[in-house]
Amino acid sequence: MPSAKPEELAVAIIECVDAGARVVNLSVALAQPSSRGERELEEALNYAARSGVIIVAASGNQGAIGSSPITRHPWVIPVVACDLQGRPISLSNLGSSIGRQGLCAPGDAITSLGAEGKPLTLGGTSIAAPFVTGAIALLWSVFPSATAVEIKLAVTQASTPRRITIVPPLLDAWSAYQVMVKIHPE
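For what it's worth, numbering that gives the first Met the number 0 labels the leading residue of the sequence shown as 0, then goes sequentially.
Rendered as structure tokens:
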């Protein structure tokens, strides 16, 4: 997983927002954390929220219980990698904020294209996060007038009611689509 200083990541998020992104996928570990850098990162995440840009972030692959300045932010959708049975894989970071506002998505033995177009099988939260980012992008392509709040709520609250747990529910793109159809019966 690539790493970035919090202040560098803050600048990158602001640049994405200013460039017109509607959803940003973060698969990054924070390097050299500092209170100043984490404040700048929080301000950048707040800026994304005020601008209606959804932030999706890999929860991390340390197998730890806890969260990061990214996954704790209320506007961020943290993503945990799960196996084919929908259970979090052991290296996924879990925590109260991750369980409260995040999602699980496929992240175990996912085959994609690697260098030179050859198949590459990988796993982890950085592989899982794009499933959520892609679902959000697809919803916005079908419902272009939807707000970020509507899309975010449809994706994160569409499945069964949330329980108080450190494990988030599975991404349910179909249920999110059905929620959006009720809001925007275009």
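The C-beta atom is built at its ideal place from N, Cα and C for all residues, glycine as well.
- Note on geometry: alpha-carbon atoms of I97 and R38 lie some 20 Å from one another.
- Under the three-state reduction of DSSP output, P167 falls in the coil class, being neither helix nor strand.
- With fewer than three CB-CB distances shorter than 8 Å, the stretch 142–149 does not count as touching the stretch 107–117.
- Between the stretch 92–107 and the stretch 23–33, the count of C-beta pairs closer than 8 Å stays below three; the two stretches do not touch.
- By the C-beta density criterion, L29 is buried, having at least 16 other C-beta atoms within 10 angstroms.
- The three-state secondary structure of V78, taken from DSSP, is strand.
- Within the same chain, and ignoring the five residues on either side of K4 in sequence, the residues whose Cβ sits closer than 7 Å to its Cβ are A30, Q31 and G36.
- With fewer than 16 other Cβ atoms inside 10 Å of its own Cβ, K181 counts as exposed.
- Annotation: the stretch 93–145 contains the following complete segments of the beta strand (DSSP E) (minimum length 3 residues), in chain order: 102–105, 109–112 and 118–121.
- About 13 Å separates the CB atoms of V79 and S67; that is not less than 8 Å, and the two are not in contact.
- Only residues of its own chain outside the window of five on either side were considered, and among them Y46, A47, S50 and V52 have a CB closer than 7 Å to the CB of V16, listed in chain order.
- Taken atom to atom, the span from the alpha-carbon of F130 to that of S34 is near 31 Å.
- Here DSSP, grouped into helix, strand and coil, assigns V52 to coil.
- Only residues of its own chain outside the window of five on either side were considered, and among them C103 and L169 have a CB closer than 7 Å to the CB of G85, listed in chain order.
- With distances taken between CA atoms, A9 lies nearest to E41 out of A18, E41 and S2.
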